[in-house]
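Peer 1: Structure incoming, see below.
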Ligand SMILES: Cc1cc2nc3c(=O)[nH]c(=O)nc-3n(C[C@H](O)[C@H](O)[C@H](O)COP(=O)(O)OP(=O)(O)OC[C@H]3O[C@@H](n4cnc5c(N)ncnc54)[C@H](O)[C@@H]3O)c2cc1C
């Protein structure tokens, strides 16, 4: 068979691969081949639990050229008063529309669903078993973020054959009501499982929550689009810079961030060790605080018929208790690689926890700049955070990248106009209100000190034995 030719071979039609392809389509005349194991675009959203929603507003998600959702304000539920969060079904439908209505009709994109990329330009159809070759000038790895969802992973603990354990996907379809629910995992997926149970009127006394680490949580009310939020968003950013500039030590930094409202936690008496961009409203955190039986004994080692063995002890269980697997490492902290490396592009985050924005921006840089060193200089990776101290690393990475981008007028103009960038346009406007002017003055006053102080605090964290 003749190889299929294209300028770009994009491996992965998840959110990042799609966001990259969209910007290349809009800003160049390049051709693309997209391959993915899934039968539909959207990546992990195809495997997500039925009650999943975006954690951050739809306004900042998807591909740059097409809006997701209608910017409505939720009227009911624990996100009431804030901008809408697309459901998993909406996200998958949206990416299907991008593929069918934008990418494929261009005549410049070929899409091979249910195909496994084997490396070296070779692709195998998971439907027919046949292999074929793609000859492309550049291969784009849109799989590197390695997203894992519980329905696709086996629990990393032993399970007795008669123990009842399900991924959270199965919660809405259990064929009988259990005596108790044990939620295993305290990342955003575990929080979503608990919130779903509470929203369905489960008495919190019947829930046990296994929490190996407590998490710092981003307050969603501070991450909102819309002109009406511009004052608050800019003030929030300025206050975080001020905290970073003035914190005497790491404990003081988190005290300040919590006091100014950037970070929330579930238990005021426990110092969180985890920060992975979990995002909730205050109303959701208040709901989670209703669960009193929180087990802090490390990770689960095994679930047996009558007991759960954890790293730090054991607790009783029963055969009539459902154990809800929420312990997949959704977004692992992966070692950063150069984004541009010869004929290979590896999509990674260049602003923390902003995957689709990052993929679109990388595509823009790819088609707009020639020199590889310059491209990599602009696209410094800000790896996905894991531990609490990673808050400092990501804040510093964001600030340094923003400073680099602001020195390039063309890039700054692109960012200010980009739908997926909910941030740069806040800092390039006329600053009409007093609140905005005050925030900009504060950023100017504290920006450099924040960089220096964060570098000092990161060195302190690196020297400490853990976290
Ligand atoms: C529950 C949940 C909610 C989230 N909410 C938000 C949010 O509100 N806002 C936000 O910005 N981010 C959110 N995220 C982060 C989210 O992970 C990213 O935004 C984004 O969806 C990640 O997309 P991706 O393309 O990197 O990965 P994936 O979705 O995993 O896509 C990678 C694709 O590559 C394919 N693939 C892998 N290997 C191969 C191979 N060898 N051959 C062929 N195909 C291959 C896979 O089949 C997959 O389809 C959320 C994540 C989760 C888990």
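Residue numbers (our numbering): 129 to 595.
Think of the CB as a built atom: it goes at the ideal place given N, C-alpha and C, for glycine as much as any other residue.
All values reported here derive from a predicted model rather than from experimental measurement.
1. Quick check for students: name the residue ranges of the alpha helix (DSSP H) that lie wholly in the stretch 457-528, counting only runs of 4 or more.
2. Determine the extent of the beta strand (DSSP E) in which residue 225 is found, giving its start and end residues.
3. Could you work out which residue in 466, 172 and 515 is closest to residue 344 when comparing CA atoms only?
4. Below 8 Å on the Cβ atoms is my guess for residue 427 versus residue 439; work out the distance and round it to an integer in Å.
5. How many angstroms separate the CA atom of residue 165 from the CA atom of residue 147?
6. For residue 182 and residue 216, what's the separation of their Cα atoms in angstroms?
7. When the Cα atoms are used, what is the spatial distance from residue 233 to residue 225?
8. At which residue ranges does the stretch 282-353 contain complete alpha helix (DSSP H) runs of 4 or more residues, listed in the order of the chain?
9. Whose C-beta lies closer than 8 Å to the C-beta of residue 155 among residues of the same chain, with five residues either side of it excluded?
10. According to DSSP, is residue 564 helix, strand or coil?
11. Assign residue 583 to one of two classes, buried (16 or more other C-beta atoms within 10 Å of its C-beta) or exposed (fewer than that).
12. Starting from residue 384, trace the alpha helix (DSSP H) in both directions and tell me its first and last residue.
13. Who does residue 118 pair with in a DSSP beta bridge?
14. Exposed or buried, what is residue 591 when buried is set at 16 or more other beta-carbons lying within 10 Å of its beta-carbon?
15. List the residues that DSSP assigns as beta-bridge partners of residue 650.
16. Using C-beta distances below 7 Å, list every residue in its chain close to residue 330, excluding the 5 sequence neighbours before and after it, in chain order.
17. Spatial neighbours of residue 487 within its chain, please: CB distance less than 6 Å, with the 5 preceding and 5 following residues excluded, ordered by chain position.
18. Would you call residue 580 buried or exposed, if buried means 16 or more other Cβ atoms sit within 10 Å of its Cβ?
19. Helix or strand or just coil, what does DSSP make of residue 247?
20. Name the DSSP bridge partner or partners of residue 201?
21. Could you work out which residue in 319, 519, 221 and 337 is closest to residue 408 when comparing CA atoms only?
22. Can you list, in chain order, the residues of its chain with a C-beta nearer than 7 Å to that of residue 504? Leave out the 5 residues immediately preceding and following it.
23. What did DSSP end up calling residue 402 once you bin it into helix, strand or coil?
24. Count the other CB atoms within 10 Å of the CB of residue 134; is the residue buried (16 or more) or exposed (fewer)?
25. Near residue 290, what residues of its chain come up, given a Cβ to Cβ distance below 7 Å and the 5 sequence neighbours on each side ignored?
26. Can you give me the Cβ contacts of residue 168 inside the same chain, cut-off strictly under 7 Å, excluding the 5 residues immediately before and after it?
27. Would you mind stating whether residue 275 and residue 452 have Cβ atoms separated by less than 9 Å?
28. Where do the ends of the beta strand (DSSP E) carrying residue 559 lie?
29. For residue 444, report the span of its beta strand (DSSP E) as first-last.
30. Run through the stretch 144-170 for me and flag every whole beta strand (DSSP E) of 3 or more residues, listed as ranges in chain order.
31. Contact defined as beta carbons within less than 8 Å: I believe residue 249 pairs with residue 262. What is the distance between those atoms, to the nearest angstrom?
32. What would DSSP say about residue 179, mapped onto helix, strand or coil?
33. Under 9 Å, do residue 473 and residue 267 count as touching if we go by C-beta distance?
34. Return the chain-ordered list of same chain residues with a C-beta closer than 8 Å to the C-beta of residue 333, the five sequence neighbours on each side being excluded.
35. By Cβ distance, which residues of its chain are closer than 6 Å to residue 403, with the 5 residues on each side in sequence left out?
36. What are the start and end residues of the beta strand (DSSP E) that includes residue 240?
Peer 2: According to the structure shown:
1. 483-496 and 500-506
2. Where residue 225 is concerned, there is no enclosing beta strand (DSSP E), although the alpha helix (DSSP H) it sits in stretches over 216-225.
3. 515
4. 5 Å
5. Roughly 18 Å separates the two Cα atoms.
6. Going by the C-alpha atoms only, they are around 7 Å apart.
7. 11 Å
8. 316-327
9. Leaving aside the five residues that flank residue 155 on each side, the residues in its chain whose CB is nearer than 8 Å to its CB run, in chain order, 491, 492, 495 and 496.
10. helix
11. exposed
12. 378-387
13. Past the edges of the chain, shown from 129 to 595, lies residue 118, and the structure says nothing about it.
14. exposed
15. The shown model of the chain, from 129 to 595, leaves out residue 650, and the question about it has no answer.
16. The answer, listed in chain order, is 309.
17. 144, 147, 148 and 475
18. exposed
19. strand
20. 211
21. 319
22. 466, 467 and 468
23. strand
24. buried
25. Excluding its 5 nearest sequence neighbours in each direction, residue 290 has C-beta neighbours in its own chain below 7 Å: 433 and 447, listed in chain order.
26. 174, 220, 224 and 241
27. no
28. Counting along the chain, residue 559 falls outside any beta strand (DSSP E), and DSSP gives it neither H nor E.
29. 441-444
30. 160-163
31. Taking C-beta atoms under 8 Å as the contact rule, residue 249 and residue 262 qualify, at a distance of about 5 Å.
32. coil
33. yes
34. Exclusion of the five residues before and after residue 333 leaves 420 and 421 as the residues of its chain whose Cβ lies within less than 8 Å of its Cβ.
35. Once the five neighbours on either side are set aside, the close Cβ partners of residue 403 are 344, 513, 516, 518 and 519.
36. 237-240
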